[in-house]
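Protein chains in written order, with this note's numbering: chain P, 42 to 615; chain W, 42 to 615.
Note that beta-carbon positions come from the ideal geometry of N, C-alpha and C, so glycine has one too.
Remember, it's a predicted structure, so these values are computed and weren't measured experimentally.
As structure tokens, the structure follows; a few thoughts come after it.
2 protein chains.
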Amino acid sequence: MPFDLGSISNFKPTLESIPPPNVSYQQQELAGIPVNIHPLNPFAFILRAALVYPEKVALAHPDVKYPAFYTYSVWAQRIQNLAYALIQAGIQPGDRVAVIAPNSPLIADAHFGVLAARAILTAINTRLTPSEVAYILQHSGSKIILVDREYAHLVQGSQIPVIISHDSGRPEDPYELFLSNGRKFSAEKGWAGLEVEPDENAGAILCYTSGTTGRPKGVLTTLRGSYLAAIANAVEGQINRDSTYLWIVPMFHAAGWTYPWASVFACATQLTIRSVDYALIWKHFLHSGVTHYCGAPTVQIGIVNSPAAGPLSNPVSAIVAGAAPTAHLISQLEQKGITPVHVYGLTYVETYGPFTRCYDQPFWKSLPLEQRAKLMARQGQIFATAQNVRVVYPPKNENDQELVDVPKDGQTIGEIITRGNIVMKEYFRDPETTRKAFRGGYFSSGDLAVMHPDGVLQIMDRSKDIIISGGENASSLAIEQELASHPHVLEVTVVARPHVKWGERPMAFVILRQEHASQWTGKHREFGEELKRHGRKRLPGFACPEWIEVVEELPKTSTGKILKTELRKRVAKL
Amino acid sequence: MPFDLGSISNFKPTLESIPPPNVSYQQQELAGIPVNIHPLNPFAFILRAALVYPEKVALAHPDVKYPAFYTYSVWAQRIQNLAYALIQAGIQPGDRVAVIAPNSPLIADAHFGVLAARAILTAINTRLTPSEVAYILQHSGSKIILVDREYAHLVQGSQIPVIISHDSGRPEDPYELFLSNGRKFSAEKGWAGLEVEPDENAGAILCYTSGTTGRPKGVLTTLRGSYLAAIANAVEGQINRDSTYLWIVPMFHAAGWTYPWASVFACATQLTIRSVDYALIWKHFLHSGVTHYCGAPTVQIGIVNSPAAGPLSNPVSAIVAGAAPTAHLISQLEQKGITPVHVYGLTYVETYGPFTRCYDQPFWKSLPLEQRAKLMARQGQIFATAQNVRVVYPPKNENDQELVDVPKDGQTIGEIITRGNIVMKEYFRDPETTRKAFRGGYFSSGDLAVMHPDGVLQIMDRSKDIIISGGENASSLAIEQELASHPHVLEVTVVARPHVKWGERPMAFVILRQEHASQWTGKHREFGEELKRHGRKRLPGFACPEWIEVVEELPKTSTGKILKTELRKRVAKL
């Protein structure tokens, strides 16, 4: 047992979390489905893990006032309780259940319990503003909200039922009461009282974008896709029953890149910490048998530079995505005994988290670091259960459905497109955007890349206007919209500027309205502060501009489009 | 490179096996399939492996006059050539392609090339008689036969086209000519000229039983099932890109337990040897980096007792199925550095090879060998992609569709049933037998077992009349039929008798016809020899009775059914 035994033995799950003595992991049979078909569903992984490793620690949440440790059999019972509690609360197949929580048992439970109730999980970014949350709740049509106490203010005054978790695992916790009532409601029918979802293409996860084109879009995935993507992630990460996965990437981000399911598919142990705390991370690296974690380079930089870092006795795999790891970072990770695995996926859940991997070739081992890092910085090739990924020329016009691959020359930039089982179902309630995203029978990623002669793709530009700030994706367009609402602003544009701590932060270039320009003459710095205040009221922290520059004009194309590339060059020199 | 480099560098694949310089691994697009669906098909694994690891040795066949070594890119090209050659020969989607070959590139190619042509692979047991082969060819409606020269006599005079392989990989080999013509026929359209099979529930493999109830039955599996079962086998075996899988189980047996695909899914290397030769096996264990192999206990016994055995420097996993490994065998394997993994599946391809595994629990490590072996002898619990397995009371009558689980007491014997994605589609052209096998919406295995309190199943009796002789399944009923055709035999029954070398061998009990009895008085031994000669003409070697006893009467039930259980008790005392 890798964790502090004192805490584990001190912990007692609620009475209703204990499965009955003769628990059966068999669900209600489906009528009319052939003997040789079972609809794919990642929820099924928990039934098998509980059957095979009932006594194994499935979920550990050690670093809170009331630590909790759930074995697979107990966790499965809690998931069953959650499913019944949701059904008791009126949740019907296909309904959306919202969850707002940091990495903790609540959101881990939800990844299984919501699916067990045949509902769709809408996991909401905890860093959004109340109005953004309200929009998502309204657009998703969520019927109930499960929220961690820390984020309860985000849904204050909600018109739909709210279940608050104090993250305590204690019987008096409202979330625990909810689960316990679910157990009572089940009347001990157990798994046999829950229906299998007959349609493997039914919705699984509905995650919202940060709203790159204004309003957030809801990305809807399927059960089949989630099942196959989770298996791919377990296989690519080589996660198995001896693995311990440490949660650093938020589970609300693209369903935690499918790792809530991948870990259970592999019968591994999951360890949740509520926030990215490098001292805690190293405590677990050194003392809890952690073997795997995921994180963007920003987080990886924080990890390797932490004063808590120490020599690792067991190998740890770092799944890196969000941006390419630099040679310096690769070297730092390897020096610490951490093996980086570079993967790529869409920012939201359009590709269920990662779907390509930079597969290292045997001969790379003998290359000097700089050269190896150059190869490792590439986004790679498709996962085992993905179909294919191409880099094609952008459309000539709005109706252009023809997909022409760019030459495999490592130079010609095109757009990354993909199709197959690891592609989302649709943008929820937005057929027009879905249609546009599915040009030519492929999903258009919006990411620009080249294809190397060895069939490996490399991103040249993130979707052009995204700013990766502290691991969060800030849309420059969305920031511009908010800043432009200041009455003195005539025109504003925002680009990413490198930042030591956050990786990138937004920098805004502003042209003042003529009528207000004189007012700020010689006081551009003061105006910047004023505009920052304006932004902070409207934007999540990570999207607030760190720097603001007042300018006379902005570089533009002949058709009047702002040349962000020019601004980025300017910013690079700052 | 784990193999003898001399052989590899001496080997040159045929010109037509070399892919074109700008090979694309993209198949013809499917119209009308949603962007987020790609029909599951294990054939797809080769396209990805060739893309990601083009230069890696995919298939090595070192121990023949003309050794062959194919990298993933070359092997993929050969598979493409085979698909085109089959299409050129008139093979249409859904047609059956017969293959008769020992473990060698031919049958490995067929597991991919036949599917790439959207056809169904009928792999035929090389140990059958010509008339048995003829029956299978006729019943399957095979349109073409790919046969290894050693077994060409089995299809002599065939009415359908026969392609003979000399297993040489040389341009003048008829099989190579067939492949090369396929390449020419493709007109370099490459993968884009081959259609994706749009129906993932289309047939993949058609394997024939040994004919337990007289005539062999054709077991038809699907592409979806093959895909998911192969992934499960790769995951359960922990096969990955660093693995080398040695072929000992014949690939014609239940599609090699899905390992032709599982190995490619994992991007591993496969090593084929034409027969079970323990010296060769140890040569590869010691010098070729073998990490995995599969085999029944009979084979495992041969391996551990081989004079060629030596200390292993790298860990090797032995996937054991067909019967439970004994404590003695487990200890012998472990002493040699081989880790046994005990799995269970149906004899033919009804469950795509193994679908349960005896999952060892951490605390087993501290148990004494005898106790651990007792736990390890159990057949276990379902694979990751299987749905569920139950042990139920046998039907009360022919129309009884009710499935009632036996208590989890480790004592009550019932029948193993299963359903889900790792279950065959049907018995080919035999809806009545299919209907009977799918009682109550589950597949009835015919294997009798108990369910232990920890949810682990254990087989108590193999389907009652099967004799496992040298790893082959001999049907006592089929043997009885052939022996009964001797004019002097009145009645005959056959049961398994333990055999030091073969595990089991058939023993026949015969009642002579009255008119002939006097002729053999005092010469029962001579009659035995006569009847063995009779059998050898009609039966494969493994099914020929090793012992024959002439008796006056046979033990029978009140309804006249022979009590084989009584005979088995008698045999056990011999």
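So with CB distances below 7 Å, who are the chain P contacts of K466 of chain W? N77
So is Q197 of chain W buried or exposed if we call it buried at 16+ other beta carbons inside 10 Å? exposed
Nearest chain W C-beta to Y94 of chain P closer than 9 Å, yes or no? yes
Cβ of G386 of chain W less than 9 Å from any chain P Cβ? no
Other residues of its chain near V430 of chain W: CB distance less than 8 Å, five sequence neighbours each side excluded: F396, T397, Q422, I423, I457, I458, T459, L498
So that I know if they touch, is there some Cβ in chain W lying closer than 9 Å to that of I59 of chain P? no
I'd like the list of long-range same chain contacts for T129 of chain P, defined as Cβ closer than 8 Å, with 5 residues on each side in sequence excluded. The amino acid at residue 129 of chain P is misidentified as Thr; the sequence shows Gln. Result list for Q129 of chain P: N222, G223, F226, in chain order.
Hey, does F396 of chain W have any beta-carbon neighbour from chain P nearer than 9 Å? no
Check whether the region 254-265 of chain P touches the region 430-450 of chain P, counting contact only when three or more Cβ pairs, one atom from each stretch, lie closer than 8 Å. no
Figure out for me which residue from W:Y393, W:Q428, W:A233 has the closest Cα to the Cα of L88 of chain W. W:A233
Any beta carbon from chain W within less than 9 Å of N144 of chain P's own beta carbon? no
Does the region 359-370 of chain W come into contact with the region 333-349 of chain W, if we say contact requires no fewer than three beta-carbon pairs (one atom in each stretch) closer than 8 Å? yes
Proximal residues of chain W, C-beta to C-beta of R89 of chain P below 7 Å: I423, A425
So if I threshold CB-CB distances at 7 Å, which residues from the region 258-284 of chain P count as touching chain W? T263, G266, I272, V276, Q279, N281
Short of 7 Å Cβ to Cβ, which residues in the region 465-491 of chain W face chain P? M465, K466, F479, G482, Y483, F484
What does F306 of chain P touch in chain W if you count any residue whose Cβ is under 7 Å from its own? A425
In the DSSP output, which residue or residues are listed as bridge partners for Q499 of chain P? P:V491
Quick check: W554 of chain P and R546 of chain P, are their CB atoms within less than 9 Å of each other? The sequence given here has Arg at residue 554 of chain P, not Trp. No, these two residues do not count as a Cβ contact at 9 Å.
Just checking, does the region 371-378 of chain W make contact with the region 344-354 of chain W on the three C-beta pairs under 8 Å criterion? yes
Less than 8 Å separating the Cβ of N82 of chain P from some heavy atom of the ligand MG? Judged by which ligands are present, the structure shown has none, so any question about the ligand MG falls away.
Starting from the beta carbon of G461 of chain P, find every residue of chain W whose beta carbon is closer than 7 Å, and list them in chain order. H79
Beta-carbon gap between E241 of chain P and N51 of chain P smaller than 9 Å: no
Could you check whether the Cβ of N242 of chain W sits closer than 9 Å to any Cβ belonging to chain P? yes
Can V138 of chain P and L169 of chain P be called in contact, C-beta distance under 9 Å? no
Leaving out five residues before and five after Y300 of chain W in sequence, what residues of the same chain have Cβ atoms less than 7 Å from its Cβ? N274, Y286, C335
Measure the beta-carbon distance from L100 of chain W to Q311 of chain W and round it to whole angstroms, keeping in mind my assumption that it falls under 8 Å. 5 Å
Which residue from P:D214, P:N144, P:K258, P:F550 puts its Cα closest to that of L595 of chain P? P:F550
Look up T313 of chain W in the DSSP assignment and say whether it is helix, strand or coil. strand
Helix or strand or just coil, what does DSSP make of Q129 of chain P? helix
Would you give the residue range spanned by the alpha helix (DSSP H) that N514 of chain W belongs to? Note, N514 of chain W: premise wrong, no alpha helix (DSSP H); beta strand (DSSP E) at 513-516.
Scan the region 336-422 of chain P and note each continuous alpha helix (DSSP H) run of 4 residues or more that stays entirely inside, going in chain order. 338-345, 368-376, 410-417
Reducing DSSP to helix, strand and coil, say where E545 of chain P ends up. strand
If you measure beta-carbon to beta-carbon, which residues of the region 429-446 of chain P are closer than 7 Å to chain W? N429
Exposure of I314 of chain W, with buried meaning 16 or more beta-carbon neighbours within 10 Å: buried
Going by CA-CA distance only, name the one from W:H565, W:Q279, W:A515, W:H529 that's closest to W543 of chain W. W:A515
Check the Cβ-Cβ distances between E628 of chain P and every residue of chain W, and say whether any is below 9 Å. Outside the modelled stretch of chain P, which goes from 42 to 615, sits residue 628 of chain P, for which no answer is possible.
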